[in-house]
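Asks: Quick note, the sequences are listed as chains A and B, same order. Adding 1424 to a residue's 1-based position in the first sequence gives its number in this note's numbering. Adding 1424 to a residue's 1-based position in the second sequence gives its number in this note's numbering.
2 protein chains.
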Amino acid sequence: MADVAREVGVTAKTVSRVLNDDGPVAAGTRERVMAAVRKLGYQPNLMARNMRVGARDATIGLVIPEMGNPFFGTVVGGIEDTVRARGLTLIVGSSSETAELEQSLIATFLARRVSALMVVPSAAGDHRHLRAERAAGLPIVFLDRPAVGMAADQVVSGNREGARSGVAHLIAHGHRRIGFVGDLPATLYTRRERFQGYRDALEEAGLPFDKALVESGHDQDAAFAAALRLLDLPGPPTALFAANNFAAMGTVVALARAGRRDVALVGFDDLPLAEVLDPPLTVVAQDPFAIGATAAQLVLSRLDGHRSKAARRVLVPTRLMVRGSGELPPPR
Amino acid sequence: MADVAREVGVTAKTVSRVLNDDGPVAAGTRERVMAAVRKLGYQPNLMARNMRVGARDATIGLVIPEMGNPFFGTVVGGIEDTVRARGLTLIVGSSSETAELEQSLIATFLARRVSALMVVPSAAGDHRHLRAERAAGLPIVFLDRPAVGMAADQVVSGNREGARSGVAHLIAHGHRRIGFVGDLPATLYTRRERFQGYRDALEEAGLPFDKALVESGHDQDAAFAAALRLLDLPGPPTALFAANNFAAMGTVVALARAGRRDVALVGFDDLPLAEVLDPPLTVVAQDPFAIGATAAQLVLSRLDGHRSKAARRVLVPTRLMVRGSGELPPPR
DNA sequence: TTGACATATGTCAACGTTGACATCCGCTGT
DNA sequence: ACAGCGGATGTCAACGTTGACATATGTCAA
């Protein structure tokens, strides 16, 4: 900036005024400054700007567990749409589902003085350390999974009820032995909730819970193996409930490879090709876009001054999409 | 930091020394400082730190067109794995495929003085303005698509050759009328290259090019509609080439809904469920993880001091995955 | 005993920007 | 002719941190 000022023959302050449309500047000066800016390729230094008292910058930091999961991709889309309408920039980092990287990303964002923080917490995370930030007025919203150790705004799917309804759907079609293909680690919030929903449905129908029918894996390959283990059981399940998108994909592949077209399947979270699978995949669909958009709304309302209101919890409902795979009857 | 210093009864400089393991500090002082840091929940202000002379911070900025596309999700995964091993943090922003947002994200990253910039340029982008940055030694790498208006490192798929081989595969199975379901806008680099590959294959086989056989759409729904238009043509194609992942998904759905199991299909970019589709989907697979990892390597080598080496261009080869849909013969 | 050296800490300035306040100029109305 | 005013610009300090350099205290070998 000093260079620009020297070039034009004014002080830095005047340049600053031109750049920020702040205070009166003679038209001629403005033009000469702009010309110099272009000529020198000047880029304002945001860090210096934001360093001044308490200044926050027009950026929102988001931490998600994995970039490769389309579920989170869609969540991010929902956030972006909402946040952009307000001229805010979203920057995203991925924690690879580890508490350590999550911590370090949050620290990076805090150190950069983002104006709000959005976090999809990893399984092992602990967010006590964010209480001070929240108390200081920084909007913090948790998505898809709740915070651990602190009260904060959160937006989550209706996991338990969704899973319950999916499993109840299988039961309604006559199944009594239903396998559960879940995520790992088993301590993961969404995994626990959906598992509870699974047990709710069993109990509701008076069916026994058999822990041999529960297998897990975090990615598609692991879910594939988990599903195969279930199919190879002595008293195998006649239906499977896949508790997330990768689990569903792995299970679909397992059924196809095993040539088992007689096993019913309900997935949790929709897949783009669900309807063209054979049989078409019945799922409990989440609304990841709405999760993102809603969370972003909460952030905006906090930024708009409702900073000290009590923490809110929003539940985004799921919807059962009946397509075929979940309506297969048990054999005979 | 001043607060911490006051609490302990030392100067800020000493606190700085403790925090950065810089210079000698008495063990007792170190402990008291750390205690105060914890007590006050002090977070260093990165902006102030980085403001000092030419300092760059341990962050790499990445701009991608859309977060929701699993292709880019995997690319990001490749970058993260590589970059993290070096203690660098990756922050990502999405341009929604617009030159304007891309610009603004790049400006944000530059203003934050990231230590390197990685960009998947949007169709309309112009990167002349980055020449000065590159000349000043900032590592800049373009992925998936090349820069416009400047020489810079770039990592792209073997789009043209990949598409050529995919279409040649269909021709080898007897097809003479092959539809092209492409991305939009048609000016998009990958779209142009793959289209060229399509034409290369036709020409190579002495087949005429019929522009009626070219339809496009950017997302799955648009590709679905595009594929339907091709199927409804007076002289319809006996095979389709879908030039990206969404195009392939849309086309698969279109064929399924139309009940057309006689039309051959080759997709560009692999899909997680490709093998369980009916028929299993033959694709020209890209290696998005390798694209990301390779680009990150280029960045690291620049950061390691090879800043002024000539721009490099790396081509990541594709691989034809034969699964069934591409081997269907033309009718009769 | 002395000076050379290491250890522990402090002082100061600078990074780039902008708020608060000051200055200078020309114009207006009386 | 002069006070008053608004427009255009300048001056200064401060934000939080760290590099360069200075100071103070203690240790040890000659």
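Beta carbons: idealized from backbone N, C-alpha and C, even for Gly.
Closer than 8 Å, Cβ to Cβ, to anything on chain A: give me those residues from the region 1685–1704 of chain B, in chain order.
Replies: Leu1695, Pro1696, Leu1697, Glu1699, Val1700, Leu1701, Asp1702
Asks: For B/Arg1737, which residues does DSSP report across the bridge?
Replies: Working through the second sequence from its first residue, we reach residue 1737 of chain B at position 313. Answer is B/Gln1578.
Asks: So A/Gly1501 packs on A/Gly1716, CB below 8 Å; how close in whole Å?
Replies: Reading the first sequence from its first residue, position 77 is the one you call residue 1501 of chain A. Reading the first sequence from its first residue, position 292 is the one you call residue 1716 of chain A. That pair is a contact at about 6 Å.
Asks: To the nearest angstrom, report how far apart A/Ala1646 and A/Arg1731 are at their CA atoms.
Replies: Sequence index remark: in the first sequence, residue 1646 of chain A carries index 222 (1-based). Sequence index remark: in the first sequence, residue 1731 of chain A carries index 307 (1-based). Within the model, the alpha-carbon separation for A/Ala1646 versus A/Arg1731 is close to 43 Å.
Asks: Evaluate contact between the region 1552–1565 of chain B and the region 1541–1556 of chain A, counting only Cβ atoms and requiring at least three cross-stretch pairs below 8 Å.
Replies: no
Asks: What span of residues does the alpha helix (DSSP H) with B/Asp1481 cover, start to end?
Replies: Here the question's residue 1481 of chain B lines up with position 57 in the second sequence. Looking at the DSSP string, B/Asp1481 is not in any alpha helix (DSSP H); the run it does join, the beta strand (DSSP E), is 1481–1488.
Asks: Within 8 Å, do at least three Cβ pairs link the region 1441–1459 of chain A to the region 1490–1508 of chain A?
Replies: no
Asks: Can you tell which of B/Thr1513, B/Val1543, B/Ser1440 has its C-alpha closest to the C-alpha of B/Gln1527?
Replies: Along the second sequence, read from residue 1 onward, the residue named residue 1527 of chain B stands at position 103. The residue with the shortest Cα to Cα distance from B/Gln1527 is B/Val1543.
Asks: Quick check on the burial criterion: 16 or more other C-beta atoms within 10 angstroms. Buried or exposed for A/Arg1569?
Replies: The residue you call residue 1569 of chain A lines up with position 145 of the first sequence. A/Arg1569 is buried by the Cβ-count criterion.
Asks: Is the beta carbon of A/Met1673 less than 7 Å from the beta carbon of B/Pro1696?
Replies: As a working mapping, residue 1673 of chain A is identified with position 249 in the first sequence. As a working mapping, residue 1696 of chain B is identified with position 272 in the second sequence. Against a cut-off of 7 Å, the Cβ pair of B/Pro1696 and A/Met1673 comes out as a contact.
Asks: Let me make sure I understand the geometry here. Which of B/Val1439, B/Gly1590, B/Tyr1622 has the alpha-carbon closest to that of B/Ala1637?
Replies: The count along the second sequence starts at 1 and reaches residue 1637 of chain B at position 213. Sequence inspection shows Leu at residue 1637 of chain B; the Ala mentioned does not correspond to that position. Sorting B/Val1439, B/Gly1590, B/Tyr1622 by C-alpha distance to the C-alpha of B/Leu1637 places B/Tyr1622 at the top.
Asks: Using the rule of at least 16 other Cβ atoms within 10 Å of the residue's Cβ for burial, across every protein chain shown, is A/Asp1446 buried or exposed?
Replies: Locating residue 1446 of chain A in the first sequence gives position 22, counting from the first residue. So A/Asp1446 counts as exposed.
Asks: Give me the subset of the region 1641–1667 of chain B whose CB atoms are less than 9 Å from a CB atom of chain A, sorted by chain position.
Replies: Gln1644
Asks: Can you tell me whether A/Arg1668 is buried or exposed, with buried defined as 16 or more other CB within 10 angstroms of its CB?
Replies: Residue numbering aside, residue 1668 of chain A sits at position 244 when the first sequence is read from its first letter. Correcting the residue identity first, residue 1668 of chain A is Asn in this sequence and not Arg. Classification of A/Asn1668: buried, given that the 10 Å Cβ count is 16 or more.
Asks: With DSSP as the reference, identify every bridge partner of B/Ile1564, one or two as the case may be.
Replies: One-based indexing of the second sequence puts residue 1564 of chain B at position 140. For B/Ile1564, the beta-bridge partners assigned by DSSP are B/Leu1541.
Asks: Using the three-state DSSP reduction, which class does A/Val1499 fall into: helix, strand or coil?
Replies: Your numbering for residue 1499 of chain A matches position 75 in the first sequence. A/Val1499 falls in the helix class under three-state DSSP.
Asks: For B/Asn1444, which residues in chain A fall below 8 Å Cβ to Cβ?
Replies: Here residue 1444 of chain B refers to the residue found at position 20 of the second sequence. None at all; the shortest Cβ gap to chain A is about 14 Å.
Asks: Applying a beta-carbon distance threshold of less than 8 Å, which residues of chain A neighbour B/Thr1532?
Replies: Against the second sequence, residue 1532 of chain B aligns to sequence position 108. Leu1470, Thr1483, Thr1513, Ile1515, listed in chain order.
Asks: With a threshold of 16 other CB atoms inside 10 Å of the CB of B/Thr1611, please say whether the residue is buried or exposed.
Replies: Start at 1 with the first residue of the second sequence, and residue 1611 of chain B comes out as number 187. Classification of B/Thr1611: exposed, given that the 10 Å Cβ count is below 16.
Asks: With DSSP as the reference, label A/Leu1411 as helix, strand or coil.
Replies: Since the first residue of chain A shown is 1425 and the last is 1756, residue 1411 of chain A is not available in this structure.
Asks: Is it true that the CB of A/Val1432 sits closer than 7 Å to the CB of A/Val1461?
Replies: Position 37 of the first sequence, counted from the start, is the residue given in the question as residue 1461 of chain A. Position 8 of the first sequence, counted from the start, is the residue given in the question as residue 1432 of chain A. Not in contact: A/Val1461 and A/Val1432 (Cβ atoms no closer than 7 Å).
Asks: Could you pull the start and end residues of the beta strand (DSSP E) that B/Ser1640 belongs to?
Replies: Numbered from its first residue, the second sequence carries residue 1640 of chain B at position 216. DSSP places B/Ser1640 in the uninterrupted beta strand (DSSP E) bounded by 1638–1640.
Asks: From B/Gly1630 to B/Gln1710, what distance separates their C-alpha atoms?
Replies: Working through the second sequence from its first residue, we reach residue 1630 of chain B at position 206. Working through the second sequence from its first residue, we reach residue 1710 of chain B at position 286. Between B/Gly1630 and B/Gln1710, the C-alpha separation is close to 27 Å.
Asks: Alpha carbon to alpha carbon, how far is B/Thr1483 from A/Pro1754? Give it in angstroms, no decimals.
Replies: On the first sequence, position 330 is the one that residue 1754 of chain A refers to. On the second sequence, position 59 is the one that residue 1483 of chain B refers to. If you take the alpha carbons of A/Pro1754 and B/Thr1483, they lie about 55 Å apart.
Asks: I'd like the list of long-range same chain contacts for A/Leu1657, defined as Cβ closer than 6 Å, with 5 residues on each side in sequence excluded.
Replies: As a position in the first sequence, residue 1657 of chain A is number 233, starting the count at 1. So the list is empty, once near-sequence residues are dropped.
Asks: Which residues of chain A have a Cβ atom closer than 9 Å to the Cβ of B/Val1676, listed in chain order?
Replies: On the second sequence, residue 1676 of chain B is found 252 positions in, with the first residue counted as 1. Within 9 Å Cβ-Cβ: Leu1697, Val1700.
Asks: Would you list, in sequence order, the uninterrupted beta strand (DSSP E) runs of no fewer than 3 residues that lie entirely inside the region 1641–1682 of chain B?
Replies: 1663–1666
Asks: By alpha-carbon positions, which one of A/Ala1698, A/Ala1651, A/Asp1607, A/Ala1671 ends up nearest to A/Arg1681?
Replies: One-based indexing of the first sequence puts residue 1681 of chain A at position 257. Checked all of A/Ala1698, A/Ala1651, A/Asp1607, A/Ala1671; the closest Cα to A/Arg1681 is A/Ala1651.
Asks: With a CB to CB cut of under 7 Å and the five nearest residues on each side skipped, what residues in its chain are close to A/Val1516?
Replies: To locate residue 1516 of chain A, count along the first sequence from 1; it is residue 92. Leu1486, Ile1488, Val1500, listed in sequence order.
Asks: Between the C-alpha atoms of B/Ala1459 and B/Val1434, what's the straight-line distance to the nearest angstrom?
Replies: In the second sequence, counting from the first residue as 1, residue 1459 of chain B sits at position 35. In the second sequence, counting from the first residue as 1, residue 1434 of chain B sits at position 10. Each residue's Cα considered, the two are about 13 Å apart.
Asks: Residues in the same chain with beta-carbon distance under 7 Å from B/Phe1533, minus the five sequence neighbours each way, listed in chain order, please.
Replies: Along the second sequence, read from residue 1 onward, the residue named residue 1533 of chain B stands at position 109. Cβ neighbours of B/Phe1533 beyond the five flanking positions: Gly1485, Leu1541.
Asks: Secondary structure at B/Arg1510, three-state DSSP: helix, strand or coil?
Replies: Your numbering for residue 1510 of chain B matches position 86 in the second sequence. Coil, per DSSP.
Asks: Whole angstroms are fine: how far does the CA of A/Ala1671 sit from the CA of A/Arg1653?
Replies: The residue you call residue 1653 of chain A lines up with position 229 of the first sequence. The residue you call residue 1671 of chain A lines up with position 247 of the first sequence. Using only the alpha carbons, I get a separation of about 13 Å.
Asks: Please report the distance separating the alpha-carbon of A/Glu1627 from that of B/Ala1571.
Replies: Counting from 1 along the first sequence, the entry for residue 1627 of chain A is found at position 203. Counting from 1 along the second sequence, the entry for residue 1571 of chain B is found at position 147. Rounded to whole angstroms, A/Glu1627 to B/Ala1571 spans 59 Å at the Cα level.
Asks: Are the C-beta atoms of B/Ala1680 and some chain A residue less than 7 Å apart?
Replies: Position 256 of the second sequence, counting from 1, holds the residue named residue 1680 of chain B. With 7 Å as the cut-off, B/Ala1680 counts as an interface residue toward chain A.
Asks: Between A/Ile1564 and A/Ala1576, which are expected to be in contact by the criterion C-beta below 8 Å, what is the C-beta distance as a whole number of angstroms?
Replies: Numbered from 1 along the first sequence, position 140 holds the residue referred to as residue 1564 of chain A. Numbered from 1 along the first sequence, position 152 holds the residue referred to as residue 1576 of chain A. A/Ile1564 to A/Ala1576, Cβ: 5 Å. Contact.
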